[in-house]
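When we follow the numbering used here, the leftmost residue of the sequence shown carries the number 481, and every step to the right adds one.
First the structure, in the form of structure tokens, and then the observations on it.
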Amino acid sequence: MSAMTQPSPERADAESTDSKEERLRSYLREKATNDGGELYFKSRFIADEVDLSPKEIGALMVKLKDSATDIEVEKWSYTSATTWRVEAA
481 MSAMTQPSPE
491 RADAESTDSK
501 EERLRSYLRE
511 KATNDGGELY
521 FKSRFIADEV
531 DLSPKEIGAL
541 MVKLKDSATD
551 IEVEKWSYTS
561 ATTWRVEAA
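Spelled out as structure tokens, the structure:
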């Protein structure tokens with residue numbers, strides 16, 4: 481019987497968050513580029529397209545605002561939900 485090592489829950493969560501962040505970043509970069517260089521959106525309207533919940537998108541957008549170098553992220557307005565502005569860098 482062989483022993484298989486399972487990743488620790490913290491490591492699995494980190495990998496999961498990293499892949500979600502990369503998936504969202506790639507989606508936003510592509511959409512911004514195809515939409516004339518910038519994109520405005522509310523998380524709930526793209527949630528199905530990136531297979532994330534609006535809450536996950538909001539948390540990841542805060543991270544991307546500080547870490548992404550290929551896109552510029554700005555919290556644009558708040559009316560019933562945050563509108564984000566993304567510009568291809």
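Beta carbons: idealized from backbone N, C-alpha and C, even for Gly.
Remember, predicted model here, so these are calculated numbers, not experimental data.
Exposure label - residue 525; buried when at least 16 CB within 10 Å: exposed
What is the rounded straight-line gap between the Cα of residue 536 and the Cα of residue 497? 9 Å
If we count the other Cβ atoms within 10 Å of its Cβ and call it buried at 16 or more, is residue 502 buried or exposed? exposed
For residue 566 versus residue 508, is the C-beta spacing smaller than 8 Å? yes
Same chain only: Cβ atoms within 7 Å of residue 540, ignoring 5 sequence neighbours per side: 500, 501, 504
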